[in-house]
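The next block holds one structure in the form of structure tokens; read it before the comments.
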Amino acid sequence: MITLESTLRDVYRTPAGKDIIDMFLSAAKKSPKLLDNPVVGSLKLSALERLLGKRVPGIAEMVVQLLAAHDGEIPPPSPATITHKWWKEAVVYQIYPRSFQDTNGDGIGDLAGIRQRIPYLKELGVDVVWLSPIYDSPGDDMGYDIRNYRKIMKEFGTMKDFDDLLRDLHQNDIKLMMDLVVNHTSDEHEWFQKALKDPAGPYKDYYMWAAGKDDDAPNNWTSFFAGPAWNYYPETEEWALHLFSKKQMDLNWDNPAVRAEVYDIVNWWLTKGVDGFRMDVINLISKDNFANGNALIGKTIGICGIEHYIYGPRLHEYLQEMRQESFGKFDDVFTVGETPGLGLEMAKMTTAEERGELDLIFNFDHIDNPGKSRIYPYDYDLRCLKPYFLKWQTQYGNNCWPSVFFENHDNPRMVSKVNADPAYSVVLAKLLAVMQFTVKGTPFLYQGQELGMTNTTFGSPADLRDVEALNRCQEFTDTFAQTVGMADAQQVAFDTVAWGTRDHARTPMQWDTSQNAGFSTAQPWIGVNPNYPVINAATEMDNPDSVFHFFKKLIALRKKYETLVYGAFRPVFVWDKSTFCYFRVDGSSKFYVEINLTDKDQKRPGPLTRRHRLLAGNYGGTAVYLRPYEANVYRLV
Ligand code: ISL
Ligand code: CA
């Protein structure tokens with residue numbers, strides 16, 4: 019049992035302990051190798067704060083509490099070989115249906131629009147389409163607040179539209195992955211409504227309730243979307259938990275009736291022929307207790323109370339039961355868990371094939387630089403990708419399989435984060451493609467990434483649509499008003515939020531140079547990026563040097579050479595922080611990748627020989643040195 023008296027070495031031997039210490043060391047810009055030092059390793063856990071060199075009182079207690087339910091966990095050892103699976107070879111394309119293609123002139127994307135664009139997806143060469151939620155929803159969090167799991171959101175169409183889409187995708191050898199949001203439901207879901215109408219009935223215990231303290235919330239937990247994580251309901255005279263928006267009510271997974279409902283929903287969609295699920299914040303479903311969160315850690319991370327549910331006591335039990343009761347009964351479906359906050363060791367406990375839980379997870383440690391959050395503007399340093407990939411490509415084990423992504427519907431466009439100068443966006447988009455399709459793991463593309471789509475410009479809060487951004491705008495206005503005065507506070511708040519808002523990823527897909535970029539004949543629900551006359555699918559499909567054709571080429575390469583899927587990852591010149599170079603090798607082929615992670619010319623760390631055949635490069639050829647953000651893939655013959 020880990021206690022405050024345990025040594026840091028004991029803590030570091032546990033999966034969760036290692037991940038947490040690594041996370042805090044990385045944020046404090048200290049090397050994980052610090053724990054190899056025998057003196058440091060023998061320090062008591064209570065000395066952790068001093069090790070980090072900054073006051074984070076209570077961090078040791080947080081580690082003890084988080085580890086309490088996971089004592090003795092040991093990740094299964096890595097086997098010598100990798101099991102071949104179709105979903106390890108596939109390329110996944112995430113569609114945000116609201117912004118993909120409108121066909122009925124209401125300014126909102128729909129299922130018929132996705133069906134219309136299947137030829138485009140075939141041309142690109144993707145194997146799986148992942149749809150962000152399409153279920154009936156009031157749209158408070160753009161569909162991540164589900165009101166009816168067996169009904170299609172009216173703006174997106176009907177169940178017949180869904181059946182037509184699924185049939186046509188399958189006829190084109192494209193599989194379909196749905197987005198399963200079961201940590202919470204909309205407050206308009208019938209379960210929650212019944213809980214309010216009949217507090218003594220069976221549905222109240224579908225959700226997470228607690229008595230308040232006097233007139234205040236049960237504890238100090240805050241929502242991912244700013245503000246307290248509790249709503250008060252006079253009907254029950256209690257508070258209900260919402261880790262996300264005020265209309266997204268957390269389900270009580272400790273209730274076996276809730277788990278049975280979820281498995282029934284999953285089986286209903288799998289029986290319709292769906293090929294897999296991306297599972298929204300699935301690591302948050304097990305909460306340990308409602309004690310207050312560590313306020314200082316909450317301040318550091320930006321969310322208070324997270325240690326009570328980020329890796330909860332019954333998480334593995336629920337994930338194993340879910341597989342047994344649903345996915346495990348169907349051949350060849352695949353599951354990817356969205357698991358914010360799970361590090362590599364906890365991910366092994368959740369995805370190692372012997373564990374019978376999830377196939378893949380999304381880890382977000384590379385989406386922001388260590389210790390940074392997109393809530394506050396900062397200059398993203400591309401060099402951080404090197405230690406990230408070195409770790410996940412060499413330590414994750416052959417019984418686990420990485421997901422490889424740079425963008426999704428929750429984050430600004432990567433090319434703009436790295437360098438806002440449009441002169442670099444094509445080269446950067448191609449650099450990221452070289453990395454995404456040549457490291458080991460399943461690539462997950464986000465719509466528009468294959469075009470090099472960028473962030474847009476928002477003029478005022480009226481241009482924003484995301485509940486998280488609008489909440490933060492209000493929160494920051496209130497905070498800044500105390501220092502800069504109300505007149506400037508709103509502008510400062512908006513400028514802060516506009517940098518990292520999720521809305522950047524949700525502007526309409528840019529199809530061609532016609533009105534609204536060919537997305538809709540009506541005014542779209544969110545503004546079109548003004549750069550669509552240059553960055554759009556039609557223009558790029560006519561240009562062999564475009565980002566589109568570069569992605570298409572790399573996807574084809576990955577299909578042609580199994581070495582790029584299952585081959586060994588062999589990093590070289592690891593000491594060089596400015597470049598990232600590695601081999602992919604198996605019995606049949608050998609590939610070499612060289613990437614310049616900076617906006618400066620860099621000396622090539624390793625010489626090219628006449629054996630190096632350039633297959634793809636974002637400058638279309640090579641020079642004596644590596645140019646800004648240059649990325650090249652060679653086959654050695
Ligand atoms: O942005 C993030 C990771 O880069 C996280 O803060 C993200 O909000 C978190 O991972 C949860 O995201 C998922 O659940 C939310 C929903 O708003 C997001 O769109 C979804 O991806 C609540 O359902
Ligand atoms: Ca529409």
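Mapping of the sequence shown onto our numbering: position 272 corresponds to residue 290, and the numbering continues sequentially without gaps. By construction, the Cβ of each residue, glycine as well, lies at the ideal position given by its N, Cα and C atoms.
Taking 8 Å as the cut-off, is the CB of residue i close to at least one heavy atom of ligand 2?
{"i": "Ile-132", "result": "no"}
{"i": "Ser-538", "result": "yes"}
{"i": "Gly-125", "result": "yes"}
{"i": "Thr-121", "result": "yes"}
{"i": "Glu-206", "result": "no"}
{"i": "Asp-182", "result": "no"}
{"i": "Glu-107", "result": "no"}
{"i": "Asp-28", "result": "no"}
Could you pull the DSSP bridge partners for residue i from this structure?
{"i": "Pro-246", "result": "Thr-240"}
{"i": "Trp-257", "result": "Ala-228 and Tyr-250"}
{"i": "Ser-204", "result": "Gln-266"}
{"i": "Glu-170", "result": "In the sequence as presented, Glu is not what sits at residue 170; that position holds Ile. In the DSSP output, where bridge partners are listed per residue, Ile-170 has Tyr-153."}
{"i": "Asp-106", "result": "Reading off the sequence shown, one finds Lys at residue 106, where the question assumed Asp. Looking at the DSSP assignment, Lys-106 forms no beta bridge with any residue, so it has no partner."}
{"i": "Pro-589", "result": "Tyr-600"}
{"i": "Gly-355", "result": "Met-297 and Ile-379"}
{"i": "Gln-620", "result": "Leu-644"}
{"i": "Leu-649", "result": "Rather than Leu, the amino acid found at residue 649 in this sequence is Ala. Beta-bridge pairing links Ala-649 to Ile-613."}
{"i": "Val-632", "result": "Reading off the sequence, residue 632 comes out as Leu, not Val. BP columns for Leu-632 point to Tyr-652."}
{"i": "Val-452", "result": "Its beta-bridge partners do not exist; DSSP assigns none."}
Which of the three DSSP states is assigned to residue i in this structure?
{"i": "Pro-461", "result": "strand"}
{"i": "Ala-195", "result": "For clarity, residue 195 is Met in the given sequence; the question names Ala instead. Note: Met-195 maps to strand in three-state DSSP."}
{"i": "Ser-421", "result": "strand"}
{"i": "Val-603", "result": "strand"}
{"i": "Asn-614", "result": "strand"}
{"i": "Arg-296", "result": "strand"}
{"i": "Leu-488", "result": "helix"}
{"i": "Gly-320", "result": "coil"}
{"i": "Ile-385", "result": "coil"}
{"i": "Ile-39", "result": "helix"}
{"i": "Trp-529", "result": "coil"}
{"i": "Tyr-579", "result": "coil"}
{"i": "Thr-101", "result": "coil"}
{"i": "Ile-113", "result": "strand"}
Going by other Cβ atoms of all chains shown within 10 Å of its Cβ, with 16 needed for buried, is residue i buried or exposed?
{"i": "Met-160", "result": "buried"}
{"i": "Asp-120", "result": "buried"}
{"i": "Val-552", "result": "exposed"}
{"i": "Ser-606", "result": "exposed"}
{"i": "Gln-266", "result": "buried"}
{"i": "Lys-215", "result": "exposed"}
{"i": "Met-432", "result": "buried"}
{"i": "Asp-484", "result": "buried"}
{"i": "Ala-229", "result": "exposed"}
{"i": "Pro-420", "result": "buried"}
{"i": "Glu-141", "result": "exposed"}
{"i": "Met-504", "result": "exposed"}
{"i": "Gln-541", "result": "exposed"}
{"i": "Ser-204", "result": "buried"}
{"i": "Leu-632", "result": "exposed"}
Nearer than 8 Å: is that true of the beta carbon of residue i relative to any heavy atom of ligand 1?
{"i": "Met-367", "result": "no"}
{"i": "Phe-262", "result": "yes"}
{"i": "Asn-429", "result": "yes"}
{"i": "Glu-486", "result": "yes"}
{"i": "Asp-383", "result": "no"}
{"i": "Tyr-327", "result": "no"}
{"i": "Tyr-162", "result": "yes"}
{"i": "Asn-11", "result": "Not covered by the structure: residue 11. The range shown for the chain is 19 to 655."}
{"i": "Arg-165", "result": "no"}
Among the options, which has the Cα closest to the Cα of residue i?
{"i": "Lys-178", "options": "Ala-130, Ile-136 and Trp-148", "result": "Ala-130"}
{"i": "Leu-378", "options": "Glu-372, His-384, Thr-368 and Ile-385", "result": "Thr-368"}
{"i": "Phe-598", "options": "Glu-580, Val-457, Leu-654 and Asp-496", "result": "Val-457"}
{"i": "Asn-312", "options": "Trp-287, Gly-323, Leu-84 and His-102", "result": "Gly-323"}
{"i": "Ser-564", "options": "Glu-208, Trp-248, Glu-335 and Lys-448", "result": "Lys-448"}
{"i": "Phe-494", "options": "Ala-480, Asp-481 and Val-515", "result": "Val-515"}
{"i": "Thr-32", "options": "Ala-45, Asn-55, Ile-92 and Phe-407", "result": "Ile-92"}
{"i": "Ile-303", "options": "Phe-348, Pro-358 and Phe-174", "result": "Pro-358"}
{"i": "Val-651", "options": "Glu-371, Val-642, Ala-634 and Gly-624", "result": "Ala-634"}
{"i": "Asp-272", "options": "Phe-462, Phe-382, Lys-305 and Arg-490", "result": "Lys-305"}
{"i": "Ile-152", "options": "Pro-137, Ile-136, Ile-132 and Leu-139", "result": "Ile-132"}
{"i": "Phe-174", "options": "Ala-46, Tyr-114, Lys-618 and His-427", "result": "Tyr-114"}
{"i": "Asn-310", "options": "Trp-248, Tyr-225 and Asp-439", "result": "Trp-248"}
{"i": "Ala-213", "options": "Arg-629, Asn-301, Arg-653 and Ala-258", "result": "Ala-258"}
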